[in-house]
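Novice:
Numbering (this note's numbering), first residue to last: 117 to 377.
1. Which residue marks the beginning of the alpha helix (DSSP H) containing residue 142, and which one marks its end?
2. Which residues mark the beginning and the end of the beta strand (DSSP E) in which residue 152 is found?
3. Scan the segment 294-329 and note each continuous beta strand (DSSP E) run of 3 residues or more that stays entirely inside, going in chain order.
4. With a floor of 3 residues, list each beta strand (DSSP E) that falls wholly inside the segment 213-295, ordered by position along the chain.
5. Tell me, to the nearest whole angstrom, how far the beta carbon of residue 156 is from that of residue 202; I am working on the premise that it is less than 8 Å.
6. Once you ignore the five residues that flank residue 328 on each side, which residues in its own chain have a CB closer than 7 Å to its CB?
7. According to the neighbour-count rule (16 or more other Cβ atoms, all chains shown, within 10 Å of its Cβ), is residue 312 buried or exposed?
8. How far does the alpha helix (DSSP H) with residue 346 in it reach, from first residue to last?
9. With H, G and I counted as helix, E and B as strand and the rest as coil, what does DSSP make of residue 362?
10. Below 8 Å between beta carbons: does that hold for residue 150 and residue 200?
11. Compute the Euclidean distance between the alpha carbons of residue 318 and residue 296, then round it to the nearest angstrom.
12. With respect to the alpha helix (DSSP H) encompassing residue 198, which residues constitute its N-terminal and C-terminal limits?
13. Under 8 Å between the Cβ atoms of residue 135 and residue 197?
14. Quick one: residues in its chain with C-beta nearer than 8 Å to the C-beta of residue 125, no 5 flanking neighbours on either side, listed in chain order?
15. Rounded to whole angstroms, what is the Cα-Cα separation between residue 209 and residue 191?
16. Closest to residue 307 by CA distance: which of 290, 321, 323 and 265 is it?
17. Whole angstroms is fine: what's the gap from residue 330's alpha carbon to residue 261's?
18. Ordered along the chain, which non-local residues of its own chain (more than five positions away) have a Cβ less than 6 Å from that of residue 128?
Below is the structure:
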């Protein structure tokens with residue numbers, strides 16, 4: 117089972133947008149995919165849950181054991197894509213993650229998830245919390261949405277150091293330019309300085325996701341961002357296969373994204 121975290125210590129950089137679209141791309145390739153939302157906003161679950169779904173996650177139940185967590189996984193609107201919704205009481209989620217780690221139950225939990233899924237996409241909350249650190253210990257690859265700015269690049273260095281803490285090294289990291297406005301001089305300068313980094317533009321289809329309650333690929337697959345997310349997942353998938361953490365190789369676009377480092 118491959119574990120991919122979408123993480124940045126800063127909020128408002130497009131993490132949920134990435135998680136939704138990458139999880140959808142994974143499922144489209146036939147991978148049994150779980151999108152685990154740890155962000156209290158709950159945007160990923162709101163967009164992907166069936167309209168009739170009205171059974172919110174209660175993270176307090178997680179404290180009773182992994183079986184209670186597994187029972188709260190439910191189908192999304194799409195085949196091969198399941199959801200573990202975020203709980204607005206994010207403190208309860210963080211408490212259970214830290215407790216599970218202390219009791220050495222996180223390994224057991226991920227082993228149980230491996231029986232059901234090929235890929236887990238984790239929509240991480242912002243911040244340098246202990247809960248994030250515990251989850252990232254089990255991450256095979258981290259996707260980091262980065263706004264094109266000097267401060268964001270500085271933040272990326274801090275993220276690498278944070279991920280290395282208690283692990284001795286960080287998992288492969290794939291920075292992706294997010295919310296890019298090509299009319300802005302600073303954004304274009306950043307794209308010029310790092311031409312190999314994948315790019316997701318601030319475009320109308322991003323806003324349409326919330327109106328349509330769909331991933332971009334489901335309604336605008338040929339748009340710039342639709343193609344960008346498809347290529348991004350293709351590169352991630354190839355890296356996971358090289359790491360031998362993904363069970364099967366699916367057919368897909370052979371165009372690669374930048375190699376995580």
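For glycine and all other residues, C-beta sits at the position ideal for the given N, C-alpha and C. Note that the structure is predicted; figures quoted are calculated from it, not measured.
Specialist: So, from the listed chains and residues:
1. 131-144
2. 149-153
3. 315-317
4. 235-239 and 257-262
5. 6 Å
6. 335, listed in sequence order.
7. Looking at its Cβ environment, which holds fewer than 16 other Cβ atoms inside 10 Å, residue 312 is exposed.
8. Segment 340-358, the alpha helix (DSSP H) holding residue 346.
9. coil
10. yes
11. If you take the alpha carbons of residue 318 and residue 296, they lie about 5 Å apart.
12. No alpha helix (DSSP H) contains residue 198, which is instead part of the beta strand (DSSP E) from 197-200.
13. no
14. 242, 243, 244, 271, 274, 275 and 278
15. 20 Å
16. Distance check between residue 307 and each of 290, 321, 323 and 265 places 265 closest, using alpha-carbon atoms only.
17. 20 Å
18. So the list is empty, once near-sequence residues are dropped.
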